[in-house]
Amino acid sequence: MSNIRITKQFNFETGHALYGYDGKCKNVHGHSYKLSVTVIGKPIKDRNNVKFGMVIDFSDLKKIVKEEIVDQFDHATVFNETTPHIELANELKNRGHHVILVDYQPTSENMVVDFSQRIIRRLPQDIELFSLKLQETESSFAEWFASDNQ
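Everything in the sequence shown is counted per this note's numbering, starting at 2 for the first residue and increasing by one.
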């Protein structure tokens, strides 16, 4: 049976700031992110399986991505924990804001790597993450491909 790729798309709003950056993104700002998650596998051949013919049930993939990424990052502000932004992050936390501290500069490039690791560890054994596309604006995005990361 052939390998088949399936893709599910997600939307979430996240704020961030890029400490030390020489452009506008050094300021706290937000994006309406679009995340496309593509997995690859063989459709289930067992006719007695309720998921017969599926690579993975779209609702199962949705649950993984929602729990690992969307529910955590939606309407949060992401800061690099190793920069002076930690002071702003702590102040926002003290005021009840949802803040995520990461050990990387929260660029789309680094976020898509983080997201790939979160998804991979939750996928069923016979399903592989093929690619991710994290769209920051209508014309700007970062992509992660498994074939580039072997």
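Backbone N, C-alpha and C define an ideal beta-carbon position, used for all residues, glycine too. Every value quoted in this text rests on a predicted model; they were computed, and no experiment measured them.
Alpha carbon of residue i to alpha carbon of residue j, nearest angstrom
{"i": "Gly24", "j": "Ser141", "result": "16 angstroms"}
{"i": "Asn49", "j": "Ile57", "result": "15 angstroms"}
{"i": "Gln151", "j": "Trp145", "result": "12 angstroms"}
{"i": "Leu93", "j": "Ile5", "result": "44 angstroms"}
{"i": "Thr39", "j": "Leu130", "result": "6 angstroms"}
{"i": "Met55", "j": "Ile45", "result": "6 angstroms"}
{"i": "His99", "j": "Ser3", "result": "43 angstroms"}
{"i": "Leu124", "j": "Glu110", "result": "22 angstroms"}
{"i": "Glu137", "j": "Ser33", "result": "7 angstroms"}
{"i": "Val51", "j": "Leu102", "result": "40 angstroms"}
{"i": "Lys64", "j": "Arg96", "result": "30 angstroms"}
{"i": "Glu69", "j": "Ala147", "result": "19 angstroms"}
Burial state of residue i (16 or more Cβ within 10 Å)
{"i": "Asp47", "result": "exposed"}
{"i": "His86", "result": "buried"}
{"i": "Asp72", "result": "exposed"}
{"i": "Phe13", "result": "buried"}
Residues near residue i in its chain [Cβ-Cβ closer than 6 angstroms; skip 5 each side]
{"i": "Val113", "result": "Leu133, Leu135, Ala143, Trp145"}
{"i": "Cys26", "result": "Leu19"}
Pick from the options that is closest to residue i, judged by C-alpha positions
{"i": "Gln106", "options": "Asp61, Ile45, Thr83", "result": "Thr83"}
{"i": "Ser117", "options": "Tyr22, Asp149, His76", "result": "Asp149"}
{"i": "Ile128", "options": "Asn95, Ser60, Lys43, Gly16", "result": "Lys43"}
{"i": "Asp104", "options": "Tyr20, Glu14, Leu62", "result": "Tyr20"}
{"i": "Gly31", "options": "Phe59, Arg96, Phe80", "result": "Phe80"}
{"i": "Arg122", "options": "Cys26, Ala90, Leu62", "result": "Leu62"}
{"i": "Tyr22", "options": "Phe53, Gln126, Thr108, Asp115", "result": "Thr108"}
{"i": "Gln126", "options": "Phe13, Phe59, Ile41", "result": "Ile41"}
{"i": "Ser60", "options": "Asp115, Ala147, Ile7", "result": "Ile7"}
Own chain partners of residue i with C-beta closer than 8 angstroms, once the 5 adjacent residues on each side are dropped
{"i": "Val66", "result": "Lys9, Phe11, Leu36, Val38, Ile120"}
{"i": "Asn28", "result": "Ala18"}
{"i": "Thr15", "result": "Gly31, His32, Tyr34, Phe74, Asp75, His76, Ala77, Thr78, Val79"}
{"i": "Glu88", "result": "none"}
{"i": "Ala90", "result": "Thr78, Phe80, Glu82, Val100, Leu102"}
Residues of its chain near residue i, where Cβ-Cβ distance is below 7 angstroms and the 5 sequence neighbours each way are ignored
{"i": "Phe165", "result": "The question about residue 165 has no answer, for the chain in this structure spans 2 to 151."}
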